[in-house]
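Peer 1: Position one of the sequence shown corresponds to residue 245 (our numbering), numbered consecutively onward.
Yeah, the Cβ is synthetic: ideal placement off N, Cα and C, and Gly gets one too.
Can you read through this structure? Questions will come right after.
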Amino acid sequence: MTPEELSDAISTALATTLESGELTLVDGAELPEIRVERPKNRDHGDWATNVALQISKKVGKNPREVATILSEKIAQIDGVAQVDIAGPGFLNIILDAGAAGEIARTIVEAGEKFGTNSELAGQTINLEFVSANPTGPIHLGGTRWAAVGDSLARILQAEGAHVVREYYFNDHGTQIDRFARSLLARAQGNAAPEDGYGGEYITDIANRVMAEHPEALTSEDPQEVFRAAGVKFMFEDIKKSLHDFKVDFDVFFHENSLFEEGKVDELLEKLKTSEHLYFKDGAWWLKSTDFGDDKDRVVIKSDGNAAYIAGDIAYFQDKINRPENPADIAIYMLGADHHGYVARLKAAAAALGDNPDRVEVMIGQMVNLVRDGKPVRMSKRAGTIVILEDLVEAVGVDAARYTLTRYSVDTNIDIDLDLLTKQSNENPVFYVQYAHARTCNVARNAEKAGVDTSSFDASQLNTESDNELIAVLSQFPQAVKEAATFREPHRIARYIETLAGSYHRWYGNSHVAPKGEEEITDLHRARLMLNNAAGQVLSNGLNMLGVTAPEKM
245 MTPEELSDAI
255 STALATTLES
265 GELTLVDGAE
275 LPEIRVERPK
285 NRDHGDWATN
295 VALQISKKVG
305 KNPREVATIL
315 SEKIAQIDGV
325 AQVDIAGPGF
335 LNIILDAGAA
345 GEIARTIVEA
355 GEKFGTNSEL
365 AGQTINLEFV
375 SANPTGPIHL
385 GGTRWAAVGD
395 SLARILQAEG
405 AHVVREYYFN
415 DHGTQIDRFA
425 RSLLARAQGN
435 AAPEDGYGGE
445 YITDIANRVM
455 AEHPEALTSE
465 DPQEVFRAAG
475 VKFMFEDIKK
485 SLHDFKVDFD
495 VFFHENSLFE
505 EGKVDELLEK
515 LKTSEHLYFK
525 DGAWWLKSTD
535 FGDDKDRVVI
545 KSDGNAAYIA
555 GDIAYFQDKI
565 NRPENPADIA
575 IYMLGADHHG
585 YVARLKAAAA
595 ALGDNPDRVE
605 VMIGQMVNLV
615 RDGKPVRMSK
625 RAGTIVILED
635 LVEAVGVDAA
645 RYTLTRYSVD
655 TNIDIDLDLL
665 TKQSNENPVF
675 YVQYAHARTC
685 NVARNAEKAG
695 VDTSSFDASQ
705 LNTESDNELI
715 AVLSQFPQAV
725 KEAATFREPH
735 RIARYIETLA
745 GSYHRWYGNS
755 HVAPKGEEEI
765 TDLHRARLML
775 NNAAGQVLSN
785 GLNMLGVTAP
795 EKM
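Structural data, given as structure tokens:
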């Protein structure tokens, strides 16, 4: 019995109680969604619910009275062995071994779909992440967003949402000019401009521009040649780096298109009629302080030109008005220096007459690399920064993605490169991947010994380690739901680490293949089913993080 099935059964029992008149809703009262949770102390049962406390006022009785009535109904549910009332009215539920163990069969039959649902079906979520300027390789902050953003997209899709992965291609502004000047200077054999870019990649890009455009230095506008071709080459490199990191995008949106297609100018006229803008000192200001900004922001400067934020507003308008896949929710994943954008982007939505809650902004903190106890600050290729390729070269794609995703985005990360190359339980990604590989090895050995799952008696799974593993496995759908709801992919990483720990302990206490001349029994078959279920959930969880689930290690 899964927690969802138990919750549904309790809902049915409550409905029956209301129909019989044993409980009566007061006028206007509505029933809450019933949920069951694992008690912190497993001695209290397999599952617990606070439904009696939730509805006591709605039915005009104290929680203990409600709990007493409901406990009798819940005890009659198939698979429920015992119901106890605790404290002010909590209901602790113990399942019989067969009902609890059936989760193993459910998982194996569902396969890759276990943990998914359709709760967000019909909702389009535009998820914009990385969006690094095409002026250099992706730094560690962008690498963190690549891992977290792609994982969040997978998790939201597991909840049924249609997710549009989007990269905002910043090809409009002074940074592109600095990049072009740096390339031109390098091609001319000069030092980079004082405000320019350094690193070996500038030499590489400059050489590629010269190879494709031999006449670049003698052209009418050399800087424009290096700008156009350099941005193209740099962005090709960025796309390849991301693809190799197992991150691909559905939309690459060019910032410059907002200006070239007149969308910003069109928007400015519209905004002048918005109640969220006002005219002062010859300029038009957005009332961003209404949404928590430290000051209002200029949208139309006194010379009539658009301020930078006008592009942000036009971009949001484009996201929600596209003929294909218009966004119901727009999630922006921004760096630690963009805290002010939370209020500005919500104000932008309001200025368009839209609901500010359609805008969600996630702020990611810094990432630092440590080797031999000392910070790693330099890149051979990029000069003064550490980039995606440096991290992948040091630890591999799996370890990099897993580590960047297993922490809440609002915390700084110090990545210990020495730890991530260890093949030991100290290394979290190794610990989880090894658990999956171990489930595959157990299954192979069982097959060689003639054990299969053609018959399955869930009541055989009744040891303490069986119960612990079953309990953790049943929590996966809820972990996925919470990760999606709170936009926190690290919940999946922490969950599968807990699952790996439970599995490793179960492995130490349970043998699946018969030993010596031991006869194959229902216990061996049941344990194989539980082993396979653990392997499936570990695989599903790792896949949500974009990390491989190896079958051998």
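Since Tyr441 is in the beta strand (DSSP E), which residue starts that stretch and which ends it?
Peer 2: Stepping through the sequence shown from its first residue, residue 441 is reached at position 197. From DSSP, Tyr441 is part of no beta strand (DSSP E); its letter is neither H nor E.
Peer 1: Tell me, to the nearest whole angstrom, how far the beta carbon of Trp800 is from that of Leu258; I am working on the premise that it is less than 8 Å.
Peer 2: One cannot answer for residue 800 here, as it falls past the ends of the chain, which runs 245 to 797.
Peer 1: Judging by CA-CA distance, which residue of Glu637, Leu789 and Arg308 is the nearest neighbour of Asp662?
Peer 2: Mapped onto the sequence shown, residue 662 falls at position 418. Nearest of Glu637, Leu789 and Arg308 to Asp662, Cα basis: Glu637.
Peer 1: So, with DSSP's three-state summary, where would you put Lys284?
Peer 2: Here residue 284 is taken as the residue at index 40 of the sequence shown, counted from 1. In the structure shown, Lys284 sits in coil (DSSP, three-state: anything other than H, G, I, E or B).
Peer 1: Going by the beta-carbon positions, is the gap between Val352 and Gln780 smaller than 8 Å?
Peer 2: As a first step, residue 352 is located in the sequence shown; it is residue number 108 there, counting from the start. As a first step, residue 780 is located in the sequence shown; it is residue number 536 there, counting from the start. Yes, the pair counts as a contact, with Cβ atoms nearer than the cut-off.
Peer 1: How big is the Cα-Cα spacing for Gly555 and Ala591?
Peer 2: Taking the sequence shown and counting its residues from 1, the one referred to as residue 555 is at position 311. Taking the sequence shown and counting its residues from 1, the one referred to as residue 591 is at position 347. Whole-angstrom Cα-Cα distance: 13 Å.
Peer 1: So, is Gly548 buried or exposed, given that buried needs 16 or more other C-beta atoms within 10 angstroms?
Peer 2: On the sequence shown, residue 548 is found 304 positions in, with the first residue counted as 1. The residue in question, Gly548, is exposed, as its Cβ has fewer than 16 Cβ neighbours within 10 Å.
Peer 1: How about Leu384 and Leu635: do their beta carbons lie closer than 8 Å?
Peer 2: Position 140 of the sequence shown, counted from the start, is the residue given in the question as residue 384. Position 391 of the sequence shown, counted from the start, is the residue given in the question as residue 635. Cβ atoms of Leu384 and Leu635: closer than 8 Å.
Peer 1: Considering Cα atoms alone, identify which of Thr312, Val641 and Leu664 is closest to Leu613.
Peer 2: Mapped onto the sequence shown, residue 613 falls at position 369. Of the listed residues, the one whose Cα sits closest to Leu613 is Leu664.
Peer 1: Since Leu427 and Ile446 should fall inside the 8 Å C-beta cutoff, what is the C-beta to C-beta distance between them, to a whole number of angstroms?
Peer 2: Working through the sequence shown from its first residue, we reach residue 427 at position 183. Working through the sequence shown from its first residue, we reach residue 446 at position 202. Yes, Leu427 and Ile446 are in contact; Cβ-Cβ is about 6 Å, under 8 Å.
Peer 1: Assuming Val408 and Leu371 are in contact, meaning their beta carbons sit under 8 Å apart, how far apart are those beta carbons, in whole angstroms?
Peer 2: Reading the sequence shown from its first residue, position 164 is the one you call residue 408. Reading the sequence shown from its first residue, position 127 is the one you call residue 371. Indeed they touch by this definition, with Cβ atoms about 7 Å apart.
Peer 1: Just how far apart, CA to CA, sit His734 and Val392?
Peer 2: Numbered from its first residue, the sequence shown carries residue 734 at position 490. Numbered from its first residue, the sequence shown carries residue 392 at position 148. If I take the Cα positions, the gap works out to 8 Å.
Peer 1: Looking at Thr368 and Asp598, is the spacing between their C-beta atoms short of 8 Å?
Peer 2: Position 354 of the sequence shown, counted from the start, is the residue given in the question as residue 598. Position 124 of the sequence shown, counted from the start, is the residue given in the question as residue 368. No.
Peer 1: Could you compute how far the alpha carbon of Asp616 sits from the alpha carbon of Val676?
Peer 2: Indexing the sequence shown from 1 puts residue 616 at position 372. Indexing the sequence shown from 1 puts residue 676 at position 432. If I take the Cα positions, the gap works out to 24 Å.
Peer 1: Between Phe535 and Pro619, is the Cβ-Cβ spacing less than 8 Å?
Peer 2: Taking the first residue of the sequence shown as position 1, residue 535 is located at position 291. Taking the first residue of the sequence shown as position 1, residue 619 is located at position 375. No, the pair does not count as a contact, with Cβ atoms beyond the cut-off.
Peer 1: Bridge partners of Asn370, per DSSP?
Peer 2: Looking up residue 370 in the sequence shown gives position 126. Looking at the DSSP assignment, Asn370 forms a beta bridge with Val408 and Ala574.
Peer 1: Looking only at its own chain, which residues have a Cβ that is under 6 Å from the Cβ of Met577, when we skip the five neighbours before and after it?
Peer 2: Stepping through the sequence shown from its first residue, residue 577 is reached at position 333. Answer for Met577: Phe373, Trp389, Gly393 and Met606, listed in chain order.
Peer 1: What do you reckon, are the CB atoms on Leu789 and Ala737 nearer than 8 Å?
Peer 2: As a first step, residue 789 must be located in the sequence shown, where it is residue number 545. As a first step, residue 737 must be located in the sequence shown, where it is residue number 493. Yes.
Peer 1: Where are the alpha helix (DSSP H) runs, 4 residues long or more, that stay fully inside the region 510 to 550, in chain order?
Peer 2: Entirely contained in the region 510 to 550, not one alpha helix (DSSP H) run reaches 4 residues.
Peer 1: Would you identify the three-state DSSP class for Glu363, choosing helix, strand or coil?
Peer 2: Here the question's residue 363 lines up with position 119 in the sequence shown. DSSP places Glu363 in coil when its eight states are reduced to three.
Peer 1: Counting only the same chain and skipping the five closest in sequence on each side, list residues whose C-beta sits under 8 Å from that of Asn787.
Peer 2: Along the sequence shown, one-based indexing puts residue 787 at 543. These residues qualify, in order along the chain: Glu356, Arg398 and Ala793.
Peer 1: Could you check what DSSP says for Pro567 in three-state terms: helix, strand or coil?
Peer 2: Counting from 1 along the sequence shown, the entry for residue 567 is found at position 323. Pro567 falls in the coil class under three-state DSSP.
Peer 1: Which one of Lys796, Leu515, Thr647 and Pro672 has the shortest CA to CA distance from Asn689?
Peer 2: By one-based count along the sequence shown, residue 689 stands at place 445. Asn689 has its Cα closest to that of Lys796, out of Lys796, Leu515, Thr647 and Pro672.
Peer 1: Which one of Gln326, Asp322, Glu410 and Trp529 has the shortest CA to CA distance from Ser315?
Peer 2: Residue numbering aside, residue 315 sits at position 71 when the sequence shown is read from its first letter. The candidate whose alpha carbon is nearest that of Ser315 is Gln326.
Peer 1: Tell me whether the beta-carbon of Leu772 lies closer than 8 Å to the beta-carbon of Val724.
Peer 2: Taking the sequence shown and counting its residues from 1, one reaches residue 772 at position 528. Taking the sequence shown and counting its residues from 1, one reaches residue 724 at position 480. Against a cut-off of 8 Å, the Cβ pair of Val724 and Leu772 comes out as no contact.
Peer 1: Taking C-alpha atoms, which residue in Ala450, Phe413, Ile449 and Gly345 lies nearest to Asp494?
Peer 2: Stepping through the sequence shown from its first residue, residue 494 is reached at position 250. Cα-wise, what sits closest to Asp494 is Phe413.
Peer 1: Give the single residue among His457, Gly526 and His520 whose Cα lies nearest to the Cα of Asp540.
Peer 2: As a working mapping, residue 540 is identified with position 296 in the sequence shown. Looking at the Cα atoms, His520 is the closest of the given residues.
Peer 1: State the DSSP-derived secondary structure class of Asp324, mapped to helix, strand or coil.
Peer 2: Translated into the one-based positions of the sequence shown, residue 324 becomes position 80. What sits at residue 324 in the sequence shown is Val, not Asp. Correct three-state label for Val324: strand.
Peer 1: Counting pairs of Cβ atoms below 8 Å between the region 522 to 533 and the region 459 to 479, do you hit three or more?
Peer 2: No: fewer than three Cβ pairs fall under 8 Å.
Peer 1: What distance in whole Å lies between the Cβ atoms of Leu713 and Trp750, which are believed to be in contact at a cut-off of 8 Å?
Peer 2: As a first step, residue 750 must be located in the sequence shown, where it is residue number 506. As a first step, residue 713 must be located in the sequence shown, where it is residue number 469. That pair is a contact at about 5 Å.
Peer 1: Kindly indicate the opening and closing residues of the beta strand (DSSP E) around Ile659.
Peer 2: For the purposes of this step, residue 659 is taken as residue 415 along the sequence shown, with counting starting at 1. Counting along the chain, the beta strand (DSSP E) containing Ile659 begins and ends at Ile657 to Asp660.
Peer 1: Answer yes or no: do Ala693 and Ala757 have a C-beta to C-beta separation smaller than 8 Å?
Peer 2: The residue you call residue 693 lines up with position 449 of the sequence shown. The residue you call residue 757 lines up with position 513 of the sequence shown. Cβ atoms of Ala693 and Ala757: closer than 8 Å.
Peer 1: What's the call for Arg621, buried or exposed, on a 16-neighbour Cβ count within 10 Å?
Peer 2: Residue mapping note: residue 621 aligns to position 377 of the sequence shown, counting from 1. Label assigned to Arg621: exposed.
Peer 1: Measure the alpha-carbon distance for Gly272 versus Ala319 and round it to whole angstroms.
Peer 2: Reading the sequence shown from its first residue, position 28 is the one you call residue 272. Reading the sequence shown from its first residue, position 75 is the one you call residue 319. Whole-angstrom Cα-Cα distance: 29 Å.
Peer 1: Can you give me the C-alpha to C-alpha distance between Ala778 and Glu456, rounded to a whole angstrom?
Peer 2: Within the sequence shown, numbered from 1, the residue matching residue 778 stands at position 534. Within the sequence shown, numbered from 1, the residue matching residue 456 stands at position 212. Rounded to the nearest angstrom, the two C-alpha atoms are 54 Å apart.
Peer 1: How about Pro247 and Gln722: are their beta carbons less than 8 Å apart?
Peer 2: Here residue 247 refers to the residue found at position 3 when the sequence shown is read from its first residue. Here residue 722 refers to the residue found at position 478 when the sequence shown is read from its first residue. Result yes, Cβ atoms of Pro247 and Gln722 sit closer than 8 Å.
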